[in-house]
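Going down the list, the protein sequences come from chains A and B. Oh and the first sequence: position 34 is 34 in the UniProt record's numbering, straight run, nothing missing. Oh and the second sequence: position 6 is 6 in the UniProt record's numbering, straight run, nothing missing. We put the beta carbon where it would ideally sit given N, CA and C, even for glycine. Quick caveat, the model's predicted, so the values are computed rather than measured. Please read the structure below before turning to the comments.
2 protein chains.
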Amino acid sequence: MKVLGLIVEYNPFHNGHLYHLEESKKISGADFVVCVMSGNFIQRGEPAIVNKWARTKMALSAGADLVIELPLSCAMASAEYFASGAVRILNDIGIVDYICFGSEHGDVKTLDYIAQILVEEPESYKSFLKEELDNGLSYPAARESALKKYTAHSINIPQIISSSNNILGIEYLKALRRIKSSIIPLTIKRINNDYNTENITGSISSASSIRKYISTSNSTSFDDVLAMTMPKTSVDILFEEFSAGRGPVFKEDFYPVVTSLIRKMTPEQIRNFAYVSEGLENRIKSAADTAGTYEELVESICTRRYTKTRVQRILMGILMGVTSKDLDMLSRFDSPQYARILGFNSKGKQLLSQIKKKSSIPLVLKLSDFIKSCDPVLKRKLELEILATDLYVMCYKNPAFRKAGQEFTQNIIIM
Amino acid sequence: MKVLGLIVEYNPFHNGHLYHLEESKKISGADFVVCVMSGNFIQRGEPAIVNKWARTKMALSAGADLVIELPLSCAMASAEYFASGAVRILNDIGIVDYICFGSEHGDVKTLDYIAQILVEEPESYKSFLKEELDNGLSYPAARESALKKYTAHSINIPQIISSSNNILGIEYLKALRRIKSSIIPLTIKRINNDYNTENITGSISSASSIRKYISTSNSTSFDDVLAMTMPKTSVDILFEEFSAGRGPVFKEDFYPVVTSLIRKMTPEQIRNFAYVSEGLENRIKSAADTAGTYEELVESICTRRYTKTRVQRILMGILMGVTSKDLDMLSRFDSPQYARILGFNSKGKQLLSQIKKKSSIPLVLKLSDFIKSCDPVLKRKLELEILATDLYVMCYKNPAFRKAGQEFTQNIIIM
Numbered sequence: 001m002k003v004l005g006l007i008v009e010y011n012p013f014h015n016g017h018l019y020h021l022e023e024s025k026k027i028s029g030a031d032f033v034v035c036v037m038s039g040n041f042i043q044r045g046e047p048a049i050v051n052k053w054a055r056t057k058m059a060l061s062a063g064a065d066l067v068i069e070l071p072l073s074c075a076m077a078s079a080e081y082f083a084s085g086a087v088r089i090l091n092d093i094g095i096v097d098y099i100c101f102g103s104e105h106g107d108v109k110t111l112d113y114i115a116q117i118l119v120e121e122p123e124s125y126k127s128f129l130k131e132e133l134d135n136g137l138s139y140p141a142a143r144e145s146a147l148k149k150y151t152a153h154s155i156n157i158p159q160i161i162s163s164s165n166n167i168l169g170i171e172y173l174k175a176l177r178r179i180k181s182s183i184i185p186l187t188i189k190r191i192n193n194d195y196n197t198e199n200i201t202g203s204i205s206s207a208s209s210i211r212k213y214i215s216t217s218n219s220t221s222f223d224d225v226l227a228m229t230m231p232k233t234s235v236d237i238l239f240e241e242f243s244a245g246r247g248p249v250f251k252e253d254f255y256p257v258v259t260s261l262i263r264k265m266t267p268e269q270i271r272n273f274a275y276v277s278e279g280l281e282n283r284i285k286s287a288a289d290t291a292g293t294y295e296e297l298v299e300s301i302c303t304r305r306y307t308k309t310r311v312q313r314i315l316m317g318i319l320m321g322v323t324s325k326d327l328d329m330l331s332r333f334d335s336p337q338y339a340r341i342l343g344f345n346s347k348g349k350q351l352l353s354q355i356k357k358k359s360s361i362p363l364v365l366k367l368s369d370f371i372k373s374c375d376p377v378l379k380r381k382l383e384l385e386i387l388a389t390d391l392y393v394m395c396y397k398n399p400a401f402r403k404a405g406q407e408f409t410q411n412i413i414i415m
Numbered sequence: 001m002k003v004l005g006l007i008v009e010y011n012p013f014h015n016g017h018l019y020h021l022e023e024s025k026k027i028s029g030a031d032f033v034v035c036v037m038s039g040n041f042i043q044r045g046e047p048a049i050v051n052k053w054a055r056t057k058m059a060l061s062a063g064a065d066l067v068i069e070l071p072l073s074c075a076m077a078s079a080e081y082f083a084s085g086a087v088r089i090l091n092d093i094g095i096v097d098y099i100c101f102g103s104e105h106g107d108v109k110t111l112d113y114i115a116q117i118l119v120e121e122p123e124s125y126k127s128f129l130k131e132e133l134d135n136g137l138s139y140p141a142a143r144e145s146a147l148k149k150y151t152a153h154s155i156n157i158p159q160i161i162s163s164s165n166n167i168l169g170i171e172y173l174k175a176l177r178r179i180k181s182s183i184i185p186l187t188i189k190r191i192n193n194d195y196n197t198e199n200i201t202g203s204i205s206s207a208s209s210i211r212k213y214i215s216t217s218n219s220t221s222f223d224d225v226l227a228m229t230m231p232k233t234s235v236d237i238l239f240e241e242f243s244a245g246r247g248p249v250f251k252e253d254f255y256p257v258v259t260s261l262i263r264k265m266t267p268e269q270i271r272n273f274a275y276v277s278e279g280l281e282n283r284i285k286s287a288a289d290t291a292g293t294y295e296e297l298v299e300s301i302c303t304r305r306y307t308k309t310r311v312q313r314i315l316m317g318i319l320m321g322v323t324s325k326d327l328d329m330l331s332r333f334d335s336p337q338y339a340r341i342l343g344f345n346s347k348g349k350q351l352l353s354q355i356k357k358k359s360s361i362p363l364v365l366k367l368s369d370f371i372k373s374c375d376p377v378l379k380r381k382l383e384l385e386i387l388a389t390d391l392y393v394m395c396y397k398n399p400a401f402r403k404a405g406q407e408f409t410q411n412i413i414i415m
């Protein structure tokens, strides 16, 4: 029994994801697949286009056996926290043999070598780094330069660390090294066209191009373009959600809620929220005063230092009321602390009984039971998860599905 | 020079308003008309269908000469506060000779007699009242019974005080008496069909039937039904707003903002807001958790004691962050303290120069100047006005008009 772990968002599940899933099984020789998936809000600081239960169905119908939720506090965080949270879950459940991630580079040894340097920080690397920092370079620039020097230019560092999936991959590898995990990392070279993620370009298109297509098309039933770039089961699940009036959910739907919150606050109040560092509160305030759309709001806060995804995560933090204090409290944990099951198939059921034996963290099958018994900090974390969903569902087109408390009422997906 | 004062909402201005305006001029013999009008939020605790500047245009084009804003803290308040705020402004500007209001009863003497009893509280009335309260009657029921006894059944008290415009009229009369105003009150019997305010019934229809019609029809240009029940100038202004994408604004537009705010709060936090008395916080909380629409939210909070309009005002208070503390502070004033000009015509300009000489309260022509010079409590009141508009404009369909600060940038309407 070989178990493969995948770290995913599936927003929504498309042919590229299917390719990755099938190739990963092939190269690992694994016969079971566990996915750790972000929930109703994703790493970019946006709501997912359809909820996590629908995306769980997509994953299971495409070959995943078990889907575990990456808690919001890890899912909607920087690449480093996202990666370490997901890796910790896959490690802590005690049954995963391989992790396979997509990367632009495609060679796990090189990426892992970089991860090793960054985790172990050998003396000469550290002195290169210090030198560059003393020269006035920013931390990322100093790190890049130190890596180049340390590897004696044997690796094309700038090219590798300029690609988002390589960066994320290195973070997975760092996380595995830090916890001395026995999980074997693998990577698959990404085959999608990264030069054009804006538009659907063929059978393999980016998730963002698909979301963009959905936001501009008004398809509510069968759609040629989506059928070309997503597995049929995914398209069916997507339209099942749309026709029920549960989505598509877009960040734009949060314009009134987020902007009105900020318009009501003073810059000093904005300052209290997570990741709002000095000066940014004024940018956020004046952006909310002038912005007519969510996109405008984000764009007018962004700077070179504050990237779009970082700004989006900050705004979602404001939406959910996550203060710097909360963040301090939540980050006292170095791991997600629990594995919440979103769905499984019959093979996943076998995995669950293995996990029950081997996991070092509790398995959460029923949130209402778990929340009663857990400690206060974990409780705050779960309350955040519950609130996030209570706010997410308000964006549904169909009022009948906007009820709060769906984290308690929604059943685990069993396929 | 005779000046007539009208207290209005014009949401939107229709034939019934025109009839009232013209009849009032006729019976008073006045040659000038000053309107005190609620702003972007109205007495029922709802946003106005189009903004106050558009409604000012409607008023001026229908025969009003000067429009003064009733500040939010009075406009979105109980009949008593609404009436006393509006009457105080008309009194304090020092030039108004008559106030003429619509009433179901139509006889100002009878209404004023009731007002006199309620203001002066003669001994025998007071003892009737005490008796009924001691018998366990609610205050409104005890008052009704005491009035019946005091007037020795010479007036049909129950019939009079069961009609909303009589009630409001009595409040105007009470306010005039309390401040010993020299303004002469007049009333006109309302001619609209009160038995059916749900649907447009003819050339005189209620404002709520017109709003309902607009919410269900999708007219964005000329419309037969509206043309039948509103003056042409009003219809034109309405469609000018709609086609620019500034409205129609409905309370339903506030569903995500208000509901998400409440979903984030504990009942204890809800308790801090204005007019939320013991126990209501739990109703509000659970209503927000289950409601899929604003209408549902309101309906599930209402009780016999908490009427729909009261609940709506409470929800708007939560939206704007008005706490009980704020309310205590704001109600330290017994009058609006200033007269903010929304618009005028050439005759209104003449009035303004008279007001400048005779008014006991400052005339606000430029908010940015006034807010700098006023005292802290008044400043809080104005900030509330500014915030209300900053939140109101976010509901516009056209993102270009959603900017904050329109209280500062919008010019006075001069026609």
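Quick check on residue i - is its C-beta less than 8 Å from some C-beta in chain B?
i, result
"A/G405", "yes"
"A/K264", "yes"
"A/D289", "yes"
"A/M394", "yes"
"A/V235", "no"
Let me check understanding here. Comparing Cα to Cα, which of the options lies closest to residue i?
i, options, result
"B/K366", "B/G16, B/D65, B/N411, B/I301", "B/N411"
"B/I210", "B/P185, B/F250, B/A244", "B/F250"
"B/I188", "B/K25, B/L382, B/S205, B/S124", "B/K25"
"B/D326", "B/T290, B/I114, B/L378", "B/L378"
"A/A287", "B/R402, B/K52, B/Q337, B/D107", "B/R402"
"B/A244", "B/K397, B/S61, B/I170", "B/K397"
"A/A86", "A/G5, A/I204, A/D390, A/A146", "A/G5"
"A/M329", "A/E278, A/G106, A/A274", "A/A274"
"B/A77", "B/C100, B/P336, B/T409", "B/P336"
"A/D92", "A/L384, A/I183, A/S368, A/I200", "A/I183"
"A/S205", "A/S84, A/R190, A/S219", "A/R190"
Straight-line CA distance for residue i to residue j?
i, j, result
"B/F370", "A/L133", "52 Å"
"A/R310", "A/C74", "14 Å"
"A/I262", "A/I284", "8 Å"
"A/A115", "A/L90", "18 Å"
"B/D253", "B/I7", "27 Å"
"A/P185", "A/I27", "11 Å"
"A/W53", "A/F13", "12 Å"
"A/N15", "B/M265", "42 Å"
"A/D212", "A/L226", "It should be noted that the sequence gives Lys, not Asp, for residue 212 of chain A. If you take the alpha carbons of A/K212 and A/L226, they lie about 11 Å apart."
"A/G405", "A/V393", "10 Å"
"B/N196", "B/S163", "For B/N196, the pLDDT reaches just 49, beneath the cut-off of 50, and the residue's location in the model is therefore unreliable, although a value from the coordinates is still provided. Going by the C-alpha atoms only, they are around 14 Å apart."
"B/K126", "B/A142", "10 Å"
"A/K149", "A/G169", "22 Å"
Considering just the uninterrupted stretch of the beta strand (DSSP E) at residue i, what are its terminal residues?
i, result
"A/A339", "339–344"
"A/L6", "3–8"
"A/C374", "That residue, A/C374, is in no beta strand (DSSP E); it is neither H nor E in DSSP."
"A/E69", "66–70"
"A/V36", "32–38"
Within the 8 Å Cβ cut-off, does residue i reach chain A?
i, result
"B/T409", "no"
"B/E131", "no"
"B/L315", "no"
Measure the CB-CB distance between residue i and residue j and report whether it falls below 8 Å.
i, j, result
"A/I160", "A/A79", "no"
"A/A388", "A/L72", "yes"
"A/S260", "B/V257", "yes"
"B/P158", "B/E171", "no"
"A/I355", "A/I95", "yes"
"A/S61", "A/T233", "yes"
Could you give the residue range of the alpha helix (DSSP H) that holds residue i?
i, result
"A/K189", "Not the alpha helix (DSSP H): A/K189 falls in the beta strand (DSSP E), residues 184–189."
"A/E23", "15–28"
"A/S209", "207–216"
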